[in-house]
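Undergrad: In our numbering, the protein residues as written are 2 to 108.
Yeah, the Cβ is synthetic: ideal placement off N, Cα and C, and Gly gets one too.
Computed from a predicted model, the values in this text were never measured in an experiment.
One structure follows; several queries about it will come next.
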């Protein structure tokens, strides 16, 4: 059965979230995303998103090719977090459902 939810719509948000505490290069970002979604995104997925975020002034890239949030990126992330929390206000109920399902109690 095909899953009704994938992470594509959250990729930019997850990249910004991954950069909120420290600088990371593209490979490190990909590894962080792999922890969240179970598969590592390809460079052909990560780098276009990083380029778009850079072009929009949300991230910067230093000489070591490490990305970090700009002030504008921090502001955008705060706004995106507010939207996320509003849309998933019942996150804890969802999480309980996931735990129940992983225990083998699904239909």
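For residue 84 and residue 67, what's the separation of their Cα atoms in angstroms?
TA: Their backbone Cα atoms lie some 27 Å apart in a straight line.
Undergrad: Taking the alpha-carbon positions, what's the residue 29 to residue 64 distance?
TA: Near 16 Å, if we compare the C-alpha coordinates of residue 64 and residue 29.
Undergrad: Terminal residues of the continuous beta strand (DSSP E) containing residue 69?
TA: Its beta strand (DSSP E) spans residues 68-70.
Undergrad: From the DSSP output, read off the bridge partner residues of residue 25.
TA: Partner(s): 68.
Undergrad: Skipping 5 residues on each side, what residues in its chain have a beta carbon closer than 7 Å to that of residue 20?
TA: Around residue 20: 60, 68, 69, 70.
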